[in-house]
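Read in order, the letters of the sequence shown are residues -26 to -1, 1 to 318 in mature numbering (1 follows the signal peptide of the UniProt record, and there is no 0).
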Amino acid sequence: MRSRLTTSLAAAVMALTLVTAVPAAAHGPGHPGPGHHAPGLPGHGPGHHHRPTTYLLDPVGPAADDVYPEGVAAHGDHFYVSSTTDGTIYRGDLDEPTATPFLPGGQDGRVIAVGLKVDGRTLLVAGGFTGRVWAYDLRTRVLTGSWEVVQDGTPTFVNDLAISPRGDIYVTDSMRPVLYKIDAREKRTTSTELLEPVVSFEGTEFTYDQDVNANGLVISPDGRTAVVAKTRTGQLFRVGLTDGRVSVVDLHGGSVQGDGLLLDGHRLLAAEWTAGSPQSVVAVDLDRSFTEGRVVSRTSDPSFDDPTTIARAGRDLLVVNSQFDTRTAGGTPEPFTVSRIPIP
């Protein structure tokens, strides 16, 4: 049975403010348009012609047909997907059509799983309303680290994670106006340690309200800057990790109602979905200082169904189809999948 807090978050996401979509940029020669797959080939890149373009999350275990996935991370030929219903972590092989349970839901208090990241041989899991982060050895599946926010009765939703070039882990909280940090030297614990805030958004342009606030997170290549998505308002925020300064990224009239983010140099990709509007992966070209940028394209695919997060797998993107709208409406979901598309 789904928890009330999980249902509340889904309802909050459903209520996100709709923004006007920017028309997709034209695709030039050699750049397939949105949703285009090479004729007759299920794969996208050289040597990967037979890879599936969608992966099924096998409904095995307590979650059964109620997975409602959110996070995704890739490592080599494998990928990992989180369930917001019971905290199950699924693992898939890029060459196989089905992902199966890797870490059972409920283990270590993991009753919900949201953002995922791979750090070397470690899988990091954000725990939503539990206020927790877990670290697991990818080979042994053993818990190697555990952290928790201060439990003072204030609502929390630990949402996404990002790893800096020096190995520090940063974590967003959609309910508390802070950014957390786990020091690179403290990534293995023998007990549950405190998840400590490193930046406060109070008194800054990043105002919190009774909705989903800080969501997707990426770190600049030099490790000095974070970019955070505020889904409801369609804004991106620049966060100085050395000086704590917070400012809105100037998108020159554009908007990015982003959930999961991916940064490649100064090209930002964001999974974007809102009730009743086109669902896409948005590309934004950011300037050198990450203070401004322009939306350059929106790429859709027929397989998208409330896409929440993305992960790079070679020349492709893995896109999680959450079906959160179906959950909010009390409908019956289709089988849960992850899409694979060329990187826009």
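We put the beta carbon where it would ideally sit given N, CA and C, even for glycine. Note that the structure is a prediction, hence the values are computed from the model and not measured.
query, result
"From what residue to what residue does the alpha helix (DSSP H) around PHE298 run?", "298 to 303"
"I need the boundaries of the beta strand (DSSP E) containing LEU243, first residue and last residue.", "241 to 246"
"PRO3: buried (16+ other C-beta within 10 angstroms of its C-beta) or exposed?", "Residue placement at PRO3 is poorly supported in this model, since its pLDDT is 31, which falls under 50; the coordinates still yield a value, given next. So PRO3 ends up on the exposed side."
"Taking only three categories from DSSP, how would you classify GLU122?", "strand"
"Within 10 Å of its beta-carbon, does GLY45 have 16 or more other beta-carbons around it, so buried, or fewer, so exposed?", "buried"
"Which word fits VAL132, buried or exposed, when buried means at least 16 other C-beta atoms lie within 10 angstroms of its C-beta?", "buried"
"Quick one: grab the DSSP three-state call for PRO111.", "The sequence given here has Asp at residue 111, not Pro. The answer is strand: DSSP assigns ASP111 an E or B state."
"Report the rounded CA-to-CA distance for GLN253 versus ASP279, giving the unit in angstroms.", "7 Å"
"So what's ASP82 in DSSP terms, helix, strand or just coil?", "helix"
"Helix, strand or coil for ALA158? Go by DSSP, reduced to three states.", "helix"
"Between the stretch 284 to 295 and the stretch 220 to 228, do three or more beta carbon pairs fall short of 8 Å?", "no"
"Report the residue from SER296, SER194, THR302 and TYR182 whose alpha carbon sits nearest the alpha carbon of PRO41.", "For clarity, residue 41 is Val in the given sequence; the question names Pro instead. Nearest of SER296, SER194, THR302 and TYR182 to VAL41, Cα basis: SER296."
"Report all residues from its chain with a CB closer than 7 Å to the CB of ASP111; omit the five preceding and five following residues, and keep chain order.", "ARG95, THR96 and THR118"
"Identify whether VAL41 lies in helix, strand or coil by the three-state DSSP scheme.", "coil"
"Considering Cα atoms alone, identify which of GLY267, ILE156, ASP185 and HIS240 is closest to ARG106.", "ILE156"
"Roughly how many whole angstroms lie between the Cα atoms of residue 331 and GLY228?", "Residue 331 lies beyond the residue range present for the chain, which begins at -26 and ends at 318; the question has no answer from this structure."
"With C-beta atoms as the reference, is LYS91 less than 8 Å away from ALA158?", "no"
"Since GLY267 and GLN231 should fall inside the 8 Å C-beta cutoff, what is the C-beta to C-beta distance between them, to a whole number of angstroms?", "Between GLN231 and GLY267 the Cβ distance is about 15 Å, and since that is not below 8 Å, they are no contact."
"Which one or two residues does DSSP pair with TYR144 in a beta bridge?", "ALA136 and LYS155"
"Quick check on this structure: which residue in LEU243, ARG262, ASP261 and SER263 has the alpha carbon closest to the alpha carbon of VAL255?", "LEU243"
"Looking at C-alpha atoms only, which residue of ALA100, LEU292, THR306 and LEU260 is the closest neighbour of TYR29?", "LEU292"
"Name the DSSP beta bridge partners of GLN209, please?", "LYS204"
"Return the bridge partner residues of ALA48 from the DSSP annotation.", "PHE53"
"Based on DSSP bridge pairs, tell me the residues matched to VAL294.", "VAL312"
"My guess is that ALA87 and ASP32 are in contact by the Cβ rule of under 8 Å, so how many angstroms apart are they, rounded?", "Going by Cβ atoms, the distance from ALA87 to ASP32 rounds to 16 Å, so no, they are not a contact pair."
"Out of curiosity, what's the CA-to-CA distance linking ALA48 and TYR54?", "6 Å"
"Quick check: the Cα distance between ILE315 and ALA245, rounded to an integer number of angstroms?", "12 Å"
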